[in-house]
Amino acid sequence: MVKKNPNTPYIRIKANLTLRAMNRRILACIGKKLMKCFGLLFALSKHLCLAKKQALHARRSEHSNTLYLALILASTIPPHLQGDSPMQAAALAVDITPSYQPIRTAGYMHPRQVHDIHDPLQARILVLDHAGITLVIGTIDNCVIPRVILDTIKTQASASTGIPSSHMLLSATHTHSAPPLTGLFLNDAENDYIPELITKVANGIAKAFQRMEPARVGWASVTNKRHVFNRRWILRKGVSYENPLDSNTDTVRMNPGYGNPDASQPAGPVDPEILVMAFSRLDGSLICVHANYSLHYVGGVQGLSADYFGAFASALTKRIMQKQAGKPFLAMLSNGASGDINNLDYSLPKAPPKKAPYEQIRYVAEDVATSVHQALMGVIWKDSVIMNIQQREILIGVRKADEEEMERCRKHLKVAQQKDLSQWTRTEIYARESVLLDAFPDRVAMLLQAVRIGQIGIYALPVETFAEIGIQLKNESPLEHQMIMELANGYNGYLPTPAQHAMGGYETWRARSSYLEPHASETIVGHLQDMLPH
32 MVKKNPNTPY IRIKANLTLR AMNRRILACI GKKLMKCFGL LFALSKHLCL
82 AKKQALHARR SEHSNTLYLA LILASTIPPH LQGDSPMQAA ALAVDITPSY
132 QPIRTAGYMH PRQVHDIHDP LQARILVLDH AGITLVIGTI DNCVIPRVIL
182 DTIKTQASAS TGIPSSHMLL SATHTHSAPP LTGLFLNDAE NDYIPELITK
232 VANGIAKAFQ RMEPARVGWA SVTNKRHVFN RRWILRKGVS YENPLDSNTD
282 TVRMNPGYGN PDASQPAGPV DPEILVMAFS RLDGSLICVH ANYSLHYVGG
332 VQGLSADYFG AFASALTKRI MQKQAGKPFL AMLSNGASGD INNLDYSLPK
382 APPKKAPYEQ IRYVAEDVAT SVHQALMGVI WKDSVIMNIQ QREILIGVRK
432 ADEEEMERCR KHLKVAQQKD LSQWTRTEIY ARESVLLDAF PDRVAMLLQA
482 VRIGQIGIYA LPVETFAEIG IQLKNESPLE HQMIMELANG YNGYLPTPAQ
532 HAMGGYETWR ARSSYLEPHA SETIVGHLQD MLPH
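Take the position in the sequence shown, starting the count at 1, then add 31; the result is the number in my numbering.
Listed below in structure tokens is the structure:
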């Protein structure tokens, strides 16, 4: 048996085979190849790929010559033949609800403490393996997650699984009802929760990796226009709107309210597509369904909550488990390009009737789950697909106040510091943000990823992406379907287009939530389009 080194992460070899048993299996496969030649090359590659993984994760010893030989043989199989081997998949949900309350929640300018858990927060993890490539795709119920936290999770998970950190894609769902993990406005990070979160997610990735089984993949697309509305509205000519940066040049206002005579029309489009990626066992039962929808969040709940992302997972799981009781299943929903999208239709002349807390979340989640469930009926399953990932780190310029603006900000901040935090004005909060941004480097690093799984491409970017940017990336994709996963692998604030920057509005106001240079979107789009594996 392979001995554990207590100082080194150890991965149990699948099925706990002894080396002698493994030798017999490999020799049996070679015998089959000699007897049936090309007709059973599929079976050979499957066993040799398994042996290759075991050799990589096991400590070599004087008794491991046969394993090493299997590794060499596996490496000689042409890549296009390796691609014919079946993929493997595993999925699970990890409870990441804080172990203590009361606790603050993110998504607000002032600190806001809650005492209750409305529904659990989760990390939903999907692990895929195919043709020598292993991928991790995960969603984490939080508002925004800084790169340092996600990098730490990946490093720990990589140490225990051998999966490269560059092959892990982790994104925040953007629920506003989870603890803050980074400082934004007056709401600083909930530091006591961070180690707990890191350990739970990293361990979850390791557990999922140990549960992989043969799988098939399929995909589908469906449209649901009922819940996506652009929240930025163009103001009528002659209307002025003062922003907290001592300027009245904005021509756009976020969430202008129902029946506002000063608001003329939405400032941008919406993306109503729900892109669905599904993984099933060979017997047809579902392992995981990963859906992607461009809706910021819903809100309207007191206490900790996964928002409609968690409610969707519960609703779809209920539908699926009615047909496959006893077979584990995971539903996950990632956030698409939704930086300027919410579920409030401000074209209505007056506000709709007020709903009870969580009622709107449940309504949106159930409807989106119904759309996804219907789309699954049209999935065409594939046993083998092209799978790849590319990662690139780029530098993007930071917007900072000029000296005249900084002088005004320092004056506002001096007044504010004499007050209780609850009494700070919006202008004083943004003055503090400008002072904090002044300490940022002139350019910041940003991590981008491009994933291909069959005819689905995934662009992962660490920003709150405007819908029109996501639509552009989809329209210009070389693949049949393109998924946008925002708030992935870090957090670098909002990403408007240059034209939207010129219009102003909340999403452009200089702060740690919006600090990238005006043309950042053009740079990012160019890199992503260059990265997508063909």
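Yeah, the Cβ is synthetic: ideal placement off N, Cα and C, and Gly gets one too.
| Item | Value |
| --- | --- |
| Within 7 Å, strictly: CB atoms of S295 and R267 | yes |
| Straight-line gap, R143 to T165 (C-alpha atoms, nearest Å) | 40 Å |
| Distance, I500 Cα to T539 Cα | 15 Å |
| Spatial distance of Q454 from H198 (CA atoms) | 45 Å |
| CA-to-CA distance, V270 to R312, given in whole angstroms | 59 Å |
| Inter-residue Cα distance where the pair is P509 and V416 | 16 Å |
| Touching by the beta-carbon criterion (3+ pairs, under 8 Å), the region 205 to 213 and the region 430 to 437 | no |
| Of the listed residues A476, L563, Y522, nearest to H512 (C-alpha basis) | L563 |
| Environment of D314 [buried if 16+ CB atoms lie within 10 Å] | exposed |
| Interface flag, L306 vs chain B, CB-CB below 7 Å | In summary, chain B is missing from the structure at hand, where a single protein chain is found. |
| Close-in-space but distant-in-sequence residues of the same chain around Q153 (CB under 7 Å, 5 per side omitted) | A124, V125, D126, I127, D172, A337, G341 |
| Inter-residue Cα distance where the pair is H443 and M437 | 10 Å |
| Beta-carbon proximity of A322 to V307, cut-off 7 Å | yes |
| Three-state secondary structure (DSSP) of F471 | coil |
| Nearest-angstrom beta carbon gap, G524 and R543 [assumed within contact, 8 Å] | 7 Å |
| Y546, buried or exposed, once every other Cβ within 10 Å from all chains shown has been counted against 16 | buried |
| T282 versus I372: straight-line alpha-carbon distance, rounded | 18 Å |
| Whether S402 touches C440 by CB criterion (7 Å) | no |
| Beta-carbon proximity of L215 to I176, cut-off 7 Å | no |
| Residue from R155, D223, V446, A121 whose Cα sits closest to the Cα of Y566 | Coverage of the chain is limited to positions 32 through 565, which leaves residue 566 absent and any answer about it impossible. |
| Option in M285, A406, A396 with minimal Cα separation from G536 | M285 |
| As assigned by DSSP and simplified to three states, the class of Q421 | strand |
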